[in-house]
Amino acid sequence: MKIAIVCYPTFGGSGVVATMLGTALAHRGHEVHFVTYKMPVRLELLSHQIYFHEVDVEEYPLFHYQPYDLALSSKLVNVVQEYGIDVLHVHYAIPHAYAGYMAQQMLKEQNIHLPMVTTLHGTDITLVGNHPVYKPSVTFSINNSDVVTSVSASLRQDTLDLFDITKEINVVPNFIDMSLYKTEFDNCDRSFMAFPQERIITHISNMRPVKRIKDVVKIFELIEKEVPSILVMVGDGTDRAEAEEYARKKNLQLKIKWLGNSTEIDRILCFSDLFLLPSEKESFGLAALEAMANHTPVISTNTGGLPEVNDHGVTGYTSDVGNVQEMAQHAISILKDDDVLEKFKNSAFAKAKQFDIQLIIPQYEELYQSLISNS
Ligand code: GMT
Numbered sequence: 004m005k006i007a008i009v010c011y012p013t014f015g016g017s018g019v020v021a022t023m024l025g026t027a028l029a030h031r032g033h034e035v036h037f038v039t040y041k042m043p044v045r046l047e048l049l050s051h052q053i054y055f056h057e058v059d060v061e062e063y064p065l066f067h068y069q070p071y072d073l074a075l076s077s078k079l080v081n082v083v084q085e086y087g088i089d090v091l092h093v094h095y096a097i098p099h100a101y102a103g104y105m106a107q108q109m110l111k112e113q114n115i116h117l118p119m120v121t122t123l124h125g126t127d128i129t130l131v132g133n134h135p136v137y138k139p140s141v142t143f144s145i146n147n148s149d150v151v152t153s154v155s156a157s158l159r160q161d162t163l164d165l166f167d168i169t170k171e172i173n174v175v176p177n178f179i180d181m182s183l184y185k186t187e188f189d190n191c192d193r194s195f196m197a198f199p200q201e202r203i204i205t206h207i208s209n210m211r212p213v214k215r216i217k218d219v220v221k222i223f224e225l226i227e228k229e230v231p232s233i234l235v236m237v238g239d240g241t242d243r244a245e246a247e248e249y250a251r252k253k254n255l256q257l258k259i260k261w262l263g264n265s266t267e268i269d270r271i272l273c274f275s276d277l278f279l280l281p282s283e284k285e286s287f288g289l290a291a292l293e294a295m296a297n298h299t300p301v302i303s304t305n306t307g308g309l310p311e312v313n314d315h316g317v318t319g320y321t322s323d324v325g326n327v328q329e330m331a332q333h334a335i336s337i338l339k340d341d342d343v344l345e346k347f348k349n350s351a352f353a354k355a356k357q358f359d360i361q362l363i364i365p366q367y368e369e370l371y372q373s374l375i376s377n378s
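The sequence shown begins at 4 in this note's numbering and counts up by one.
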C-alpha cells in the first residue's frame, strides 16, 4: 500500500508513534510518505520505501497567524496526485484531520478518492480539542474521517463523553518494537551516572503543566530521604524552570540531572531503576511503556489510559493525581529491596511485550485494507 502519514515532527508522543508506525510499515513493504513541517525527530533513515514531504508555510505580512492547515491540505493534494497514495493516516486531530478532510474534498473534484484514518492521541481531545474555539471543527473532522482510532479505551470514552460523535472509534493501543530490547534482564552501564549504592530514577516528558513535573521533584525529595538515589530529568518545556527553582530551594541540585531533550531515551531508561509519571492527564503514557520495555517499573497517576499500561502492584503502582506522599511510599517499597525491584523490573518487561509492534501493526494494515477495498 502507499500510505501518507501526517504528524507533529517534534518531541511528542503522537509524533513518535506516527514515526515508529511509518518506519515499521516501510519494513513490511509498504511505501510511506511523511507529510509535515519538519523531518520527524525519530525518523533516522530515509530508505527507498520512506519519503518525507516538507510543508512550507509562506510568511506574508498580512497574516497575523500563518495558515498551516491550508498549506498542509494543498501539500497533501500534490503528494496524492504525484505518488498515487492509497490511504491517508493523520495523527492528532488538530488541525490534521481538518486539513485531511479538505484535501479529500479537493481530490474528489478530480475523481480521486482518498480514504482517511484519524488517530486520536490525547490532548487533541482532552485539552486543546475540547476548547470551544476548536470543538465544532474537531467534532466535524472526527465524524467525517473514514476510520477513527484512539490509543486507549480511556481516550475512546473521553471522546464519546466530550464530543457529539456519530462515528465508531476503534481502540488501537500504542506500541513498541520489542525486538530492540534485550529479553534477559541486564544492568546497563550506570557507573558514569550514579554511585554504585544509588538508585536511578527517571522522568521524561515535554514538561508542560499537564505533566506536573514539580510533583516529580517532590516525590523524589521524599524518596531520597529513605533510599540513596539520583533523579534524571529528560525533556524541556514551560514548567522546567519552576521545578528547577523548587529543587534548588530544597538543596537537591546535586542529586538531579537535567538533560534537556534527548534522542537517547533507551540508553537512559536502560540504566534506570524507576520511572515517575505523575501526570494530570495521560491518554496512554508512551514514555511509561518505553520505560517498561527497558525493565523499568513505573510510579504513575491512575488518570486516563495509564492503568491500561501500568498494572497497579505488578509493573509499578498508580495513585490519584497529586498524591505525592503515596507515590513516594510506593516508590520506596520497590527501591529499598533488591529482590522486590527485580520482580517489578521483570513484570514491567513482561507487560511491555503485550504492546509489541508486531501485534499492533496488522491492526492498522487491516483498517487501511478495508478502506482501500471499499473504495
Ligand atoms: O502530552 C504529550 O506527551 C504529547 C502528546 C502528543 O500528542 O504528542 O502525547 C499524547 O499522545 C501520546 C501518544 O499517543 C500518549 O502516549 C500521551 O499519553 C498523550 N498525552 C496526553 O494525553 C497528555
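Where a beta carbon is used, it is the ideal one built from N, C-alpha and C, also for glycine. Since this is a predicted model, take the numbers as computed values, not measurements.
Beta bridge counterpart(s) of residue i as assigned by DSSP
| i | result |
| --- | --- |
| E7 | Here residue 7 is Ala; the residue named in the question, Glu, does not match the sequence. According to DSSP, A7 bridges with H36, L91. |
| S303 | L280, T321 |
| T122 | H94, T152 |
| R202 | S232 |
| V54 | Here residue 54 is Tyr; the residue named in the question, Val, does not match the sequence. DSSP output for Y54 lists H36 as bridge partner(s). |
| G263 | V237 |
| N173 | T152 |
| D359 | I179 |
| H30 | For H30, which the question treats as bridged, DSSP gives no partner whatsoever. |
| I168 | Partner(s): none; I168 has no beta bridge. |
| I207 | V237 |
| H315 | G319 |
Residue i, buried or exposed, once every other Cβ within 10 Å from all chains shown has been counted against 16
| i | result |
| --- | --- |
| S182 | exposed |
| D72 | buried |
| Q84 | exposed |
| G125 | buried |
| T241 | exposed |
| G308 | buried |
| T121 | buried |
| K228 | exposed |
| N209 | buried |
| K284 | buried |
| Q107 | buried |
Of the listed residues the options, nearest to residue i (C-alpha basis)
| i | options | result |
| --- | --- | --- |
| Q52 | V38, E311, H67, H30 | H30 |
| S17 | S155, I216, H134 | S155 |
| A351 | V343, V327, G319 | G319 |
| P300 | I335, S286, T266, Q328 | I335 |
| K138 | V150, T162, V120, L117 | T162 |
| N147 | N133, P64, M236, I172 | I172 |
| L86 | Y104, I115, Y68 | The sequence shown places Tyr at residue 86, rather than the Leu named in the question. Ranking the options by Cα distance to Y86, first place goes to I115. |
| D127 | S140, P118, M119 | S140 |
| N133 | Y371, V150, I97 | I97 |
| N305 | G263, P118, S157, K253 | S157 |
| H206 | G263, G25, V90 | G263 |
Proximity test, residue i beta-carbon vs ligand 1 heavy atom, cut-off 6 Å
| i | result |
| --- | --- |
| E311 | no |
| T126 | yes |
| N177 | yes |
| F287 | yes |
| V154 | yes |
| V237 | no |
| K41 | no |
| V151 | no |
| G15 | yes |
| V213 | yes |
| V20 | yes |
| K284 | yes |
Is the stretch 237 to 247 close to the stretch 273 to 283, with three or more CB pairs under 8 Å?
Contact between the stretch 237 to 247 and the stretch 273 to 283 is not established, with fewer than three Cβ pairs separated by less than 8 Å.
Is the number of C-beta pairs between the stretch 214 to 221 and the stretch 310 to 327 that are closer than 8 Å three or more?
With the cut-off at 8 Å, the stretch 214 to 221 and the stretch 310 to 327 touch.
Contact between the stretch 26 to 45 and the stretch 5 to 13 (3+ Cβ pairs under 8 Å)
Three or more Cβ pairs closer than 8 Å define a contact, and the stretch 26 to 45 meets that threshold against the stretch 5 to 13.
Quick check: the stretch 365 to 372 against the stretch 64 to 80, are there 3 or more CB pairs under 8 Å?
No contact exists between the stretch 365 to 372 and the stretch 64 to 80.
Does the pairing of the stretch 338 to 345 with the stretch 58 to 67 give three or more beta-carbon distances under 8 Å?
No contact exists between the stretch 338 to 345 and the stretch 58 to 67.
Count the C-beta pairs between the stretch 286 to 298 and the stretch 258 to 265 that are closer than 8 Å, then say yes if the count reaches three, no if not.
No, they do not touch.
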